[in-house]
Amino acid sequence: MTLPVSYLKITDSINEIEIEKEIQTKEIIKEKDVVFDFEKGEFVYNGLEPERIFDRVEIIKQWIKKLFYTERDRWNCYIKDSGYPFGINLYKYRGQQLYPNMDLIELIKDDIYNSLLNHRDIKEVHCLQLIQVDDKMYCGFIIELEEESFEMEEVLNVK
């Protein structure tokens, strides 16, 4: 008994889709991203093309900046079906003095740590520290990628 021609066409199409998926996952995609300057409030690009092509570390640093500026659970577009949601819930702690409340500091550190590990290229976060001076909170940490690592510091207003 032979299978109908329509069934054979469907299986061929499914096989082609699977092969294309394998090719896409194996293919190294050169990322070209436009960077946003948070101080000036504008994108860094010249006309239709970016001024330069940014490497993976620059793109991850921009992702981290966006993470710290995004308030989780404020907008539905940042909710994901799986994994840890994008953004950080720091707006709940505005106006509070963090020190000497160590439980509050550990909750914020845990939130930042889990949010940072949400990125697919970040393998580990080391030396996560929070320091509050007046109305600013300084958050420093070391990001470990597969090939390299880098240090980063973010300054947040908590007034």
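Here this note's numbering is used: the first residue of the sequence shown is 99, the next is one more, and so on.
All residues carry an ideal CB built from backbone N, CA and C; glycine is no exception.
Since we're looking at a predicted model, the values are computed, not measured.
Next on the checklist: Buried or exposed, going by whether 16 or more other CB atoms sit within 10 Å of the CB of Ile-241?
Outcome noted: Residue environment: Ile-241 is assigned as buried (16 or more neighbouring CB atoms within 10 Å of its CB, all protein chains considered).
Checklist entry - With burial defined as no fewer than 16 other Cβ atoms inside 10 Å of the residue's Cβ, what is the status of Met-200: buried or exposed? => result Exposed, since its Cβ has fewer than 16 Cβ neighbours within 10 Å.
Checklist entry - Enumerated in chain order, which unbroken segments of the alpha helix (DSSP H) with a length of 4 residues or greater are wholly contained in the segment 197 to 237? => result Fully enclosed alpha helix (DSSP H) runs of 4 or longer: 200 to 214.
Next on the checklist: On the CB-based measure, 16 or more other CB atoms within 10 Å of its CB, does Ile-126 come out buried or exposed?
Outcome noted: Because Ile-126 sits at a pLDDT of 48, beneath the cut-off of 50, its placement in the model cannot be relied upon, and the following sentence gives the value as read from the coordinates. Exposed, since its Cβ has fewer than 16 Cβ neighbours within 10 Å.
Checklist entry - So what's Leu-254 in DSSP terms, helix, strand or just coil? => result Here Leu-254 carries a strand assignment [DSSP, helix/strand/coil].
Next on the checklist: What does the alpha-carbon distance come out to for the pair Asn-187 and Ile-121?
Outcome noted: Rounded to whole angstroms, Asn-187 to Ile-121 spans 38 Å at the Cα level.
Checklist entry - What did DSSP end up calling Ile-240 once you bin it into helix, strand or coil? => result Strand, per DSSP.
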